[in-house]
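**Student:**
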Amino acid sequence: MCEPCCKVCKGICTCHYCSPAKTVRLHCKANGNYNIAVRSTVGYGTCIVSADDTDTSQLWLKDDSMAWAFDKMGGFSLIHKDTRKAIRVSPEIGKQVLLSDYDPRILDEGLIWYESPNKGKNYHTIYNNSPEVVLHALRCVKCDQMEPCPEGEGRVKENTLVVTMTDRTKKDDPASIAVNQLWRLMPAKCCC
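Using my numbering, read the sequence shown as starting at 3 and increasing by one per residue.
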């Protein structure tokens with residue numbers, strides 16, 4: 003059970019004592035049976051794992067307390083519930099997103115994310131400063147390598163890395179849309 007935020011969560015608690023951040027799970031359209039989680043054995047930690055309602059490593063806090071600073075664009079931070087580290091934009095396209103210390107009192111644009119308009123069935127691209135560079139689950143269905151898929155296809159598996167890539171969801175051909183760039187933030191119950 004959560005304790006008062008002034009002692010425990012520094013303003014990002016999901017309990018009723020403070021302005022609540024929403025607890026969510028994130029999965030991509032490529033496979034809704036996998037969520038973003040943190041695993042210390044995979045690069046910088048952010049990867050895709052099999053969905054498990056009892057696994058707290060798959061829980062994220064969606065904190066929109068900094069949204070006021072971005073002209074009502076709906077900015078939010080994604081803070082890992084166990085580690086209290088936030089997803090930071092990767093240093094370059096094609097690299098794994100980072101986890102970074104989070105302080106809700108400090109405005110850090112590298113930790114602010116946005117959702118695109120609905121791209122169907124409540125899936126959105128998630129981007130940082132530019133809607134042209136989005137979160138991407140990085141496994142190629144053709145060659146099963148951890149690198150961008152030239153065909154625009156993607157299937158996620160256990161330990162698929164989460165990176166930033168150029169947005170490929172705007173193509174005219176629905177069959178070629180990069181489903182590993184479309185994400186849904188699903189409300190989740192705290193399992194602590």
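Beta carbons are placed, not taken as given, at the ideal position from N, Cα and C, and that holds for glycine.
At the level of alpha carbons, what is the spacing between Pro-150 and Tyr-116?
**Tutor:** Residue placement at Pro-150 is poorly supported in this model, since its pLDDT is 48, which falls under 50; the coordinates still yield a value, given next. Approximately 22 Å between the Cα atoms of the pair.
**Student:** By DSSP, does Val-181 sit in helix, in strand, or in coil?
**Tutor:** It is helical.
**Student:** Would DSSP call Leu-163 helix, strand or coil?
**Tutor:** Strand, per DSSP.
**Student:** Less than 8 Å between the beta carbons of Thr-127 and Leu-184, yes or no?
**Tutor:** Contact flag set, yes.
**Student:** What three-state label does DSSP hand Leu-63 in the structure shown?
**Tutor:** Reduced to three states, the DSSP call for Leu-63 is strand.
**Student:** In three-state DSSP terms, what is Leu-100?
**Tutor:** Leu-100: strand per DSSP, three-state reduction.
**Student:** Quick one: which unbroken beta strand (DSSP E) runs of 3-plus residues sit fully inside the segment 25–52? Chain order, please.
**Tutor:** Those beta strand (DSSP E) runs which fall completely within the segment 25–52 and span 3+ residues are 36–40 and 48–52.
**Student:** Under the three-state reduction of DSSP, which class applies to Ala-190: helix, strand or coil?
**Tutor:** In this structure, Ala-190 counts as coil in the three-state DSSP scheme.
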